[in-house]
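Okay, structure first, notes after.
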Amino acid sequence: MKYNIELLKADILDELEKIKRIEREFSLAEKYLEKPEEDVSFYDRGAIGYYLHNFYNGCENIFRHIYGFELDWGAFPIFCKSG
52 MKYNIELLKA DILDELEKIK RIEREFSLAE KYLEKPEEDV SFYDRGAIGY
102 YLHNFYNGCE NIFRHIYGFE LDWGAFPIFC KSG
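And the structure:
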């Protein structure tokens, strides 16, 4: 199946919605960024890392969709193909 521009657009919009949700949820944890490290619990630091990790994964997914579109794979590329 040819990976068309409308499918690419839908995939990117879906990822952007997920990133917006992460941003809304992260805003609740943002207050901990202003505190000294010793005042932030291990659990809260893990939560902040979790949100940052998911944000970067969302961005990476967008680039993978574009990469798949450029290569005309027809599907979300799970593994990078070499050669």
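Residues 52 to 134 in our numbering are what the sequence shown spells out, letter by letter.
Using N, Cα and C, we set each Cβ at its ideal position, and we do this for glycine too.
Since the structure is predicted, the reported quantities are computational estimates derived from the model, not experimental observations.
How about residue i and residue j: are their beta carbons less than 8 Å apart?
{"i": "residue 119", "j": "residue 66", "result": "no"}
{"i": "residue 105", "j": "residue 73", "result": "yes"}
{"i": "residue 102", "j": "residue 76", "result": "yes"}
{"i": "residue 80", "j": "residue 98", "result": "yes"}
{"i": "residue 83", "j": "residue 95", "result": "yes"}
{"i": "residue 116", "j": "residue 59", "result": "yes"}
With residue i as the anchor, note down where its alpha helix (DSSP H) starts and where it stops.
{"i": "residue 82", "result": "Per DSSP, residue 82 belongs to no alpha helix (DSSP H) and is neither H nor E."}
{"i": "residue 88", "result": "Where residue 88 is concerned, there is no enclosing alpha helix (DSSP H), given that its DSSP letter is neither H nor E."}
With DSSP collapsed to three states, give me the class of residue i.
{"i": "residue 95", "result": "helix"}
{"i": "residue 108", "result": "helix"}
{"i": "residue 123", "result": "coil"}
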